[in-house]
Structures are given as C-alpha cells and as structure tokens.
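One structure is given here, and the rest of the page talks about it.
Protein chains: 2
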Amino acid sequence: MKLSNRVEAMQFSPIRKFNPIAQKAKDAGKKVYHLNIGQPDVETPAVFMDAIRNFDQKVIAYAESGGLPVLQDAIIDYFKSYDMHYQREDIIITTGGSEALTMAFLAMINDGDEVLIPEPFYTNYHTFATAAGGKVVPITTKAEDGYHYAKREQIEAAITPNTKAICCISPGNPTGAVLTLDEIKLIGEIAKEHDLYIIADEVYREFVYDGKDATSFGMLDDIADRVIIIDSVSKRFSACGARIGCLISKNKDFMSAVMKIAQGRLCTSTIDQVGAAALYKLPASYYDEVKAEYCARRDVVYEELMKIPGVVCQKPGGSFYITAKLPVDNIENFLMFLLEEFDDNGETVMFAPAEGFYATEGLGKDEMRIAYVLDQPSMRRGVELIRLGIEAYNNRK
Amino acid sequence: MKLSNRVEAMQFSPIRKFNPIAQKAKDAGKKVYHLNIGQPDVETPAVFMDAIRNFDQKVIAYAESGGLPVLQDAIIDYFKSYDMHYQREDIIITTGGSEALTMAFLAMINDGDEVLIPEPFYTNYHTFATAAGGKVVPITTKAEDGYHYAKREQIEAAITPNTKAICCISPGNPTGAVLTLDEIKLIGEIAKEHDLYIIADEVYREFVYDGKDATSFGMLDDIADRVIIIDSVSKRFSACGARIGCLISKNKDFMSAVMKIAQGRLCTSTIDQVGAAALYKLPASYYDEVKAEYCARRDVVYEELMKIPGVVCQKPGGSFYITAKLPVDNIENFLMFLLEEFDDNGETVMFAPAEGFYATEGLGKDEMRIAYVLDQPSMRRGVELIRLGIEAYNNRK
Numbered sequence: 001m002k003l004s005n006r007v008e009a010m011q012f013s014p015i016r017k018f019n020p021i022a023q024k025a026k027d028a029g030k031k032v033y034h035l036n037i038g039q040p041d042v043e044t045p046a047v048f049m050d051a052i053r054n055f056d057q058k059v060i061a062y063a064e065s066g067g068l069p070v071l072q073d074a075i076i077d078y079f080k081s082y083d084m085h086y087q088r089e090d091i092i093i094t095t096g097g098s099e100a101l102t103m104a105f106l107a108m109i110n111d112g113d114e115v116l117i118p119e120p121f122y123t124n125y126h127t128f129a130t131a132a133g134g135k136v137v138p139i140t141t142k143a144e145d146g147y148h149y150a151k152r153e154q155i156e157a158a159i160t161p162n163t164k165a166i167c168c169i170s171p172g173n174p175t176g177a178v179l180t181l182d183e184i185k186l187i188g189e190i191a192k193e194h195d196l197y198i199i200a201d202e203v204y205r206e207f208v209y210d211g212k213d214a215t216s217f218g219m220l221d222d223i224a225d226r227v228i229i230i231d232s233v234s235k236r237f238s239a240c241g242a243r244i245g246c247l248i249s250k251n252k253d254f255m256s257a258v259m260k261i262a263q264g265r266l267c268t269s270t271i272d273q274v275g276a277a278a279l280y281k282l283p284a285s286y287y288d289e290v291k292a293e294y295c296a297r298r299d300v301v302y303e304e305l306m307k308i309p310g311v312v313c314q315k316p317g318g319s320f321y322i323t324a325k326l327p328v329d330n331i332e333n334f335l336m337f338l339l340e341e342f343d344d345n346g347e348t349v350m351f352a353p354a355e356g357f358y359a360t361e362g363l364g365k366d367e368m369r370i371a372y373v374l375d376q377p378s379m380r381r382g383v384e385l386i387r388l389g390i391e392a393y394n395n396r397k
Numbered sequence: 001m002k003l004s005n006r007v008e009a010m011q012f013s014p015i016r017k018f019n020p021i022a023q024k025a026k027d028a029g030k031k032v033y034h035l036n037i038g039q040p041d042v043e044t045p046a047v048f049m050d051a052i053r054n055f056d057q058k059v060i061a062y063a064e065s066g067g068l069p070v071l072q073d074a075i076i077d078y079f080k081s082y083d084m085h086y087q088r089e090d091i092i093i094t095t096g097g098s099e100a101l102t103m104a105f106l107a108m109i110n111d112g113d114e115v116l117i118p119e120p121f122y123t124n125y126h127t128f129a130t131a132a133g134g135k136v137v138p139i140t141t142k143a144e145d146g147y148h149y150a151k152r153e154q155i156e157a158a159i160t161p162n163t164k165a166i167c168c169i170s171p172g173n174p175t176g177a178v179l180t181l182d183e184i185k186l187i188g189e190i191a192k193e194h195d196l197y198i199i200a201d202e203v204y205r206e207f208v209y210d211g212k213d214a215t216s217f218g219m220l221d222d223i224a225d226r227v228i229i230i231d232s233v234s235k236r237f238s239a240c241g242a243r244i245g246c247l248i249s250k251n252k253d254f255m256s257a258v259m260k261i262a263q264g265r266l267c268t269s270t271i272d273q274v275g276a277a278a279l280y281k282l283p284a285s286y287y288d289e290v291k292a293e294y295c296a297r298r299d300v301v302y303e304e305l306m307k308i309p310g311v312v313c314q315k316p317g318g319s320f321y322i323t324a325k326l327p328v329d330n331i332e333n334f335l336m337f338l339l340e341e342f343d344d345n346g347e348t349v350m351f352a353p354a355e356g357f358y359a360t361e362g363l364g365k366d367e368m369r370i371a372y373v374l375d376q377p378s379m380r381r382g383v384e385l386i387r388l389g390i391e392a393y394n395n396r397k
C-alpha cells in the first residue's frame, strides 16, 4: 500500500516544524515571542460572533455550493468601494483562501504544467500546485532589492510552453512587497502576450502603508478574463479560524469548471459564512484603524532590525510580514540556538526561517520572516532578542 | 488558457442539475416534494449552537491542522462505545467527510490508479477520485438483489494491478444497503490478499434498522493498518452546514502523509469544531430517537413504493435512502415530466435519477433515489405522487 507520488513530494510545513522545539523551551520555563506565524493578535470584530449568535435556523443546513447569497452580496458591495464590479456568479465562496487556491490549480493544471511564483513565496503554494500535479517555477527576488519582481525580462525568461499561470501575492507574504498599478499593468501585459492565467492573491489588500492606495488585478478590464482573485477574511478581519475565502473571476468557463469542484465538496460552513457577511459589511474606518496599528508595528520592527549590524532589509510597503537577511551562517541552526541555548532574562524568540519559502535549492539559508502580529512592545522586544541572539550565536565558540 | 483535463472529465452534480427546472415549477405555483437531496429536516441538536454561542475567545484563531483537541477527544470517547479505541494522532478533523475523502485519495492515488466502488455510489466519489487522477472501477449491484456487493468473486474480478483501494459506504448512499460484520470480514480478507486500502465511509453509522447493530471496518484489528474511516457530523447530527468530518486511521505513515495535505490548508473552522465537539458528546439516547424516526419513514416509503405495480425494491437496512427501479422507460424524462407537465392538486415530486450514481454507461436509466428526509406524511404523499405520476406518464400518449 504505497502512498501517492504527489504526497511524497510534498513537505511538512516549514513554519510549523519548529513548534515542538519551541514547546520544549516553554516547558522549561522560557518565554518565547512568536514572530513566526501569521496569526494576528488583533481581536476579531464583534460583528462576526454577534451575527452567528443571532443565527436562529433550527437546522444547520447545506449552503449553496457557490456560497450563501448574503455573503456573496456583501463581497460585491465591498468591492464596489474599489470601483470593481462583480455579480454573484463571479464569486465562489471557499473554505479559506487555501481552498480557493487548491480549486484554481485543480481547474487549470495538468501533470507537468508550470506556475510562475516570485520567490520567496508563501510555502503552501508548493503544496497546492503539487497536489494538482503542477510544478512551481520560481522568479527569484532579493532582499537587497526589496524582493521586487515586476521585471519583464526576468519574468519572460522563466516562461516555457508549459507555463499556465503566474501567481502574485500582493501585498506579499512573506516579503511585504506591494505591486503598484503600473507593475500590475506590466504583469497583465506579459500574461496576455503569453496567454497565462493570473492568480492574484490579495488577502492582505488593505494592509498598504505610507499613504499608498490598495491595488488589485481586478482593476484592469483588459485582463479580466484571465485574472483569478483570491480573497479571504482571515487576515483582513483577523478571523483566521473562520475559514472563509473566495475565488473571484469574470471568466465564465473557468468559474463553471471551478463550480464542478465546488459542488463535489458540497459547500462551505454555513455559520462561518453568516459571520463573514457581517465582516465584509464593516465600514472603511475599520481598515483605517487596523492599518494604522500594523503600520506602527512595521515601523517598530524595521527600526529594531536596523540596529542589527549586517542585516539586509528594505522597508516593506504592505501585509504584516518582513523578510530580512541576517548575519548568520545558517538560519535554521540559529533558530535552534535561540530555542535551545539562548535566553535573555528567561526570554527568547521564534521566527520563520525563509529556506522553506524558496523553491530554488540553497536560497534563503540566511533569511527569516517575521510576522508583526503582536503588540508594539512585544515586537520591539522580539526583534531585540533576535539582535542579542545573533551576538551570542556569532560569539559562541 | 485551457482548463485541466481533470476538470473537463468531471461532471456537474447530477443531483443538483434539475434544481432550476424544479424552481420553475415552484415559480408557476406548484408544490414540489423534495425527495432528491440528503438534507434532513431533523433539527440540529441545540447543543451545537449553544456551544458556539458560549465561545468567548476574542480572536477567532487558526485551529491545529489536525483539529481541535476538544473535538478529537470527543470523537475518541464516541468510538469507545463501539469498543473502538483511537488516539488523537489517529484522527484528522476535516471540512466535512468530503475533504476527508479528497485527502485520502490525494494521499494514495497516482495517475491511472483504480479505486473499486460498488455502484450505484455517491456521485461525488467520481469527483474526488478524478481530482486525484484516479479512475473509478465499479462493482455493479442490482435492485433485484438489494444492491448487495459483498461477493468475493465479483470483487476479485474487478481487481487489477492498478487497484489501490476499495471504497465501502455502509450504511449505503444511495442504496441503504448495510454490511454485516461477516461481510466486512470478507472484504477485509480480500483487501489483505490484494494489498488494498479500504476506504470505509460510515457517516450513516447509527442509521441501521430492524434491531441490527451498527458495524464498522474499525472493529477488526487485523486490517487496522489498511482501513481509513470517513466520519462526519452532517447526517448523524443533522448538521450538514457545519462542514465537520474526520479521517481516521491507525496507519501512521498514511496519517503522516495526510497531515502534509492538512497543514497546507491550515485548519478546519474553529467554531464549527467547537459545536461539533458538543454533538459527539450527545448521549446514545439521541441516536435512538433519530433512528426511530428514520426507520418509521423508511417503512412509510417502502409501503407506498410497494403500491406501484412493477417497482423493484428490497427494503433497505440503513441510512436514509432508498433506491428503486421504476416501470418507466427513462427516469430523467420521467422526472422532467413530473416537474413540467404533471401535478396532482397542484403538487408534484422530485427524486434523484440514479443514472449519475452509476459509472457503467447505460445503467440506472430506470432507477431513482429517494432521501427520506421529510416527515412521514410528506414522505407518504411524495411517493404517492411518484405512483400517480407513473400512471400519467405511461398513459400520456
């Protein structure tokens, strides 16, 4: 009874694999600042649980496979504020952005097809693409360059006859890089010329700082037939456990294909959808508040990072991640050191080593991702611990 | 921008495709008895929403990828009453039984691998297997024989070097057939001899009638390494919209492989899991009540079906479905007739045509599935309408 080749090719989450070691450190009495996971500490808006508590149907019944109309309509209204106009049939509600990505790949990829992804990238793209029989082809970006990837020559060099899609996470996980509308236009042009789908993962849409506006691949009409937008309540509304996302496209053939998959798994959680509808109806002021908080945290993290001699990092423009190159020989060894050998007043820190975010063998060995999902004093202390840890690590022999 | 071959090979839900036509009938003022879908009218036990209303964490956070421990523990306790003993690592909580099946196939199937399924079968097995690159190989059963399939010769005749697994839905959807423990032993022997996984879809476990006991592939220790149990709260607790199921196996390599997929999609809905834990803790008396109601409905349906001259149907022993052969030339044409041309005092009826439940071309053209998910008077009237409809249909020229 062998396992499938695809599952043999998959990896365990590189973010989660250090958890047992962190647990040991905690069991031994150390305090660990968790800068490693994208689980915000921001309270989920109360409207979510309020809507659910008021749900009074006696039978928790299947929802429509495409989603509850009340949620689809709330999403339609939300996008109107960006002058993006959708209809219910353009939107399929999914179990998190994760399921939207899985469905998108299943609907487009045959064995051996390639999807372009700027690396470092959110590691589960590897899992989703592999599950569909696809191959991730990375577009390598660099810390020195702020992980910038909207470069025609570099993108075109990676395109082959097997390329099916280009995936853009903007604002980026793990880099925090944000595409400008001009860059979106450029990528759209390339996709048109090479007949590619564009998977636009925009779950951090509102989290753009320094006075810049949110951008979206959905803002350009001429690529509407090839754009597949991935959205989610997880990060925007700090509702990661609600497992509500959606897949949005104006390509009717594609949506019809995705609907076959959606019907197979019947539907998404009914009560989570009821709660999510209330979230999408929140006023714009909600984003302003959350954005201000994340921006302040980013500034704290960046300020503290800059105190580390030899760190390489450009201030990222969005999401709630910073990826940086550290002056250490091996980032995973350094993380092990932090958890097993280091402490400062009984405290240590955990980040996500970036190696797992790269598809290219050998890259990311001196990079880490920080999620700024804790309050400002915790973030400041967490990065300070990284700095103190580097000193101890590099002086340890 | 082509779609994937797999999604081209998938079909739209054959159960749902008549919905627009039924809607037209309703818009025209007809009352339609929906015997076509497995959405029970039984109230979801109040403990589900009570547990959720009492959930007071301020952040709706990710759950563990394998599931919330409180739910895993409730499932462990539930199975103890069947003398089946599991540990947390044997259980991965999934988004409905659907996701459990999807993950099971992804973890075991390579392109071209075959899975045996007695037909007629729950139609989404086709979608799940196809999504993983697999091929459904049917073991054909017959109405005349009560859709019985535990026959060594017939099963072995379908096995090839590419066979990876045998899938058993017991109690059955759409047939209502229930495997005895001796039949489970037989299938277990065959699986051992041919080194197959057994996917044991037991989401209707408690719905067995006529004084018989619930059976499970998990009751036999000697096949524990090859058995994958699919469970769900949807039917047992009438909580279809809660989207909580699980995949259970004592095969540690297999569970480790499934965990890679589970980590990729992060987790299952946190609050649905909180509610589901309360459901699994319900006392055995809950099943007794629900079972008595479904049994009474089955008896009503069967009694009314027997009034149809030429019907072929053996009384099924479990689940809440009956599949029967009707004296009509074409079941889909007959259903169209019921919805578009027929009524009795302004009422008509809808069932699921069985053609979509067969993988073998040409079978099921005179069979239908009824879900007895409405109260007894409605079920009686619904089947009466089928009888009256057949008279009108066969006399229509």
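From first to last, the protein sequence lines are chains A and B.
Numbering follows the working numbering, with no gaps: position 105 of the first sequence is 105.
Numbering follows the working numbering, with no gaps: position 168 of the second sequence is 168.
Using N, Cα and C, we set each Cβ at its ideal position, and we do this for glycine too.
Counting along the chain, no beta strand (DSSP E) covers A/Y122, and no H or E run does either. With contacts defined by Cβ atoms closer than 9 Å, A/D272 and A/I308 do not form a contacting pair. The CB of A/K260 comes closer than 9 Å to the CB of V7, M10, Q11, F12, S13 and T127 in chain B, given here in chain order.
Between B/Y204 and B/F357, the gap from beta carbon to beta carbon reaches 9 Å or more.
Counting every other CB atom within 10 Å of its CB across the protein chains shown gives B/A100 a total of 16 or more, marking it as buried. In terms of Cα proximity to A/L266, the closest of A/K26, A/R16, A/A46 and A/L68 is A/L68.
In this structure, the CA atom of B/L326 is about 37 Å from the CA atom of B/M219.
Of all residues in the segment 48–64 of chain A, only F48, M49, I52, R53, F55, D56, Q57, K58, V59, I60, A61, Y62 and A63 come within less than 9 Å of chain B when Cβ atoms are compared, listed by chain position. Not a single C-beta of chain B is nearer than 9 Å to the C-beta of A/S319.
Considering only beta carbons, the part of the segment 70–98 of chain B lying closer than 7 Å to chain A consists of T95, G96 and S98, in chain order.
With distances taken between CA atoms, A/N394 lies nearest to A/V328 out of A/D145, A/V328 and A/Y82.
Annotation for A/A324: A143, L305, V311, V312, C313, E367 and M368 place their beta carbon closer than 7 Å to its own, counting only its chain and skipping 5 residues before and after.
Straight-line spacing of the CA atoms in B/S4 and A/R152 works out to 27 Å. Close partners of B/L266 in chain A (Cβ separation under 7 Å): G96 and S98.
Think of a sphere of 7 Å around the beta carbon of A/Q39: the chain B residues whose beta carbon falls inside it are A61 and Y62, in chain order.
Sequence-ordered contacts of the segment 234–246 of chain B with chain A read S238, A239, C240, G241, A242 and R243 [C-beta pairs closer than 7 Å]. Interface criterion not met: the Cβ of A/A352 is under 9 Å from no Cβ in chain B.
At a cut-off of 9 Å, the C-beta of B/V203 has no neighbouring C-beta in chain A. Under the three-state reduction of DSSP output, B/T130 falls in the helix class. The beta carbon of B/A63 lies closer than 7 Å to those of C267, T268, T270 and Q273 in the same chain, with the five residues before and after it left out.
Taking 9 Å as the cut-off, the beta carbon of B/Q263 is found closer than this to the beta carbon of A/N124.
Annotation for B/E347: the continuous beta strand (DSSP E) segment containing it runs E347 to M350. Interface annotation, A/M368: not in contact with chain B, CB-CB separation never under 9 Å. In the displayed model, A/V311 falls within coil according to three-state DSSP, outside both helix and strand.
Around the C-beta of A/D231, 16 or more other C-beta atoms lie within 10 Å, and the residue is accordingly described as buried. Every alpha helix (DSSP H) stretch that sits fully inside the segment 357–395 of chain A and reaches 4 residues is listed by chain position as 376–394. For A/S378, the closest Cβ of chain B is not nearer than 9 Å.
In the DSSP assignment, B/E289 forms no beta bridge with any residue. C-alpha of B/K250 to C-alpha of B/D90: approximately 5 Å in a straight line. Annotation: the continuous alpha helix (DSSP H) that includes A/V7 extends over N5 to A9. The three-state secondary structure of A/P20, taken from DSSP, is helix.
Beta-bridge annotation (DSSP): B/S232 is paired with B/G245.
In the DSSP assignment, B/Y78 forms no beta bridge with any residue.
In its chain, beyond the 5 residues on either side, no residue has a beta carbon closer than 8 Å to the beta carbon of A/E391. Residue-level contact by beta carbon fails for A/Q23 and chain B, as no gap is shorter than 9 Å.
Flagged as an interface residue toward chain B: A/K2, by a C-beta distance shorter than 9 Å.
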